[in-house]
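What follows is a set of notes on a single structure, which appears directly below.
In my numbering, the protein residues as written are 3 to 92.
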């Protein structure tokens, strides 16, 4: 009987927006752009079955990307302010 070796890597809890995978953000933006193009073609062709889902998907993708970028920028600004505040105390 052969033995099977299984490597198991436990998942770790990380803080919100601790790291940002910029490739994922760019993918969301491009998917949003493609969905917006399909939604526009649904609008031009009077095809509600194409217009409504694609416009909702485009809006959600763009919103999610903007929110991720906003949270990363805000977190970096807060960290820099905290460092300046800590330096002022010493």
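Built from N, CA and C at the ideal position, the CB exists for glycine as well.
Here the structure is a predicted model, which is why all the values come from computation and not from measurement.
- Pairing residue 63 with residue 30 gives a Cβ-Cβ distance under 9 Å.
- Around the beta-carbon of residue 41, 16 or more other beta-carbon atoms lie within 10 Å, marking it buried.
- Under the three-state reduction of DSSP output, residue 80 falls in the helix class.
- In terms of Cβ geometry, residue 43 and residue 49 form a close pair [threshold 9 Å].
- Under the 10 Å beta carbon count, residue 60 is surrounded by 16 or more other beta carbons and is classified as buried.
- Counting along the chain, residue 34 sits inside the alpha helix (DSSP H) bounded by residues 24 to 46.
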